[in-house]
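Asker:
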Amino acid sequence: MRYKKEKKLFWVWEYQEEEQWLNEKSAQGFQLVEYRFPGRYFFKEGKPGEYLYRYELLDGSPNAAHNQDYLHFLEEMGIEEVCRYLNYVYVRRRAELGPFALFNDLPSRIAYLQRIAKLLRILCVLEIIALLCNMPAVFMGFAFNMFVVGFSLALFLLLLVGLGKIRSKIRDMEEEQVLRE
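What follows is the structure, given as structure tokens:
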């Protein structure tokens, strides 16, 4: 059995692209066995298209009782946990059982996107704190701190773009929900 390691970066707001990529790898015969930060995926060679993959940002610690209950429920539905990273869980189900979704209705999809937005807001606040902590050193001319501030500012702006994309998706789904009611 052959193993393969690939590096690929996805931002948290690119969760659909990441799932699509994992499912393309499965179609090629490479099944996910592990994920390590930053963007290191480990695959085992297997039957092409054997599994369908999804991944989710859990609400709080994966060890919290409600998340353990949720993961147990998924297991009862034939969905197995592949690996975890922080609050993320990668799951899969045999393709022969048909397609599956973790969020089947608008309210659950909106709630999921709101969890992602909350994470992005927290990361934005942390980046602002990093910027403020390093600003005095920048005015003293320390080159390394200038680099840190520039990096923090770029990351902050990127997180804002991602937050805007998630907020836009949430707005669209909320409008769709109103139309359906």
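Position 85 (the sequence shown) corresponds to 85 in the numbering used here; numbering is contiguous.
The beta-carbon is built from N, C-alpha and C at its ideal position, and this holds for glycine as well.
Can you tell me whether residue 47 is helix, strand or coil according to DSSP?
Answerer: Sequence index remark: in the sequence shown, residue 47 carries index 47 (1-based). Residue state, collapsed to three classes: coil.
Asker: Can you check which of these residues, 165, 48, 107 and 103, is closest to residue 94 by C-alpha distance?
Answerer: As a position in the sequence shown, residue 94 is number 94, starting the count at 1. Among 165, 48, 107 and 103, the Cα nearest to that of residue 94 belongs to 48.
Asker: Do residue 13 and residue 128 have their C-beta atoms closer together than 9 Å?
Answerer: Position 13 of the sequence shown, counted from the start, is the residue given in the question as residue 13. Position 128 of the sequence shown, counted from the start, is the residue given in the question as residue 128. Contact flag unset, no.
Asker: Taking the C-alpha atoms as reference points, what is the distance between residue 149 and residue 55?
Answerer: One-based indexing of the sequence shown puts residue 149 at position 149. One-based indexing of the sequence shown puts residue 55 at position 55. If you take the alpha carbons of residue 149 and residue 55, they lie about 32 Å apart.
Asker: With H, G and I counted as helix, E and B as strand and the rest as coil, what does DSSP make of residue 32?
Answerer: Taking the first residue of the sequence shown as 1, we reach residue 32 at position 32. Residue state, collapsed to three classes: strand.
Asker: Could you spell out the range, first to last residue, of the beta strand (DSSP E) harbouring residue 6?
Answerer: Numbered from its first residue, the sequence shown carries residue 6 at position 6. That run of the beta strand (DSSP E) goes 3 to 7.
Asker: Let's see if you can read the secondary structure: which residues bound the beta strand (DSSP E) around residue 80?
Answerer: One-based indexing of the sequence shown puts residue 80 at position 80. Element bounds for residue 80: 79 to 85.
Asker: Evaluate the contact criterion for the stretch 110 to 127 versus the stretch 161 to 177: three or more CB pairs, one atom per stretch, below 8 Å.
Answerer: With a cut-off of 8 Å, the stretch 161 to 177 and the stretch 110 to 127 count as touching, because enough Cβ pairs lie within range.
Asker: Whose C-beta lies closer than 8 Å to the C-beta of residue 61 among residues of the same chain, with five residues either side of it excluded?
Answerer: On the sequence shown, position 61 is the one that residue 61 refers to. Only 67 and 87 meet the Cβ criterion.
Asker: Could you check what DSSP says for residue 73 in three-state terms: helix, strand or coil?
Answerer: As a first step, residue 73 must be located in the sequence shown, where it is residue number 73. It is helical.
Asker: Suppose the cutoff is 7 Å on Cβ atoms and the five residues either side in sequence are ignored; what does the same chain contact list for residue 23 look like?
Answerer: Position 23 of the sequence shown holds residue 23. Cβ within range, chain order: 52 and 53.
Asker: Taking DSSP's pairing of strands, which residues face residue 158 in a bridge?
Answerer: Along the sequence shown, read from residue 1 onward, the residue named residue 158 stands at position 158. BP columns for residue 158 are empty, so no partner.
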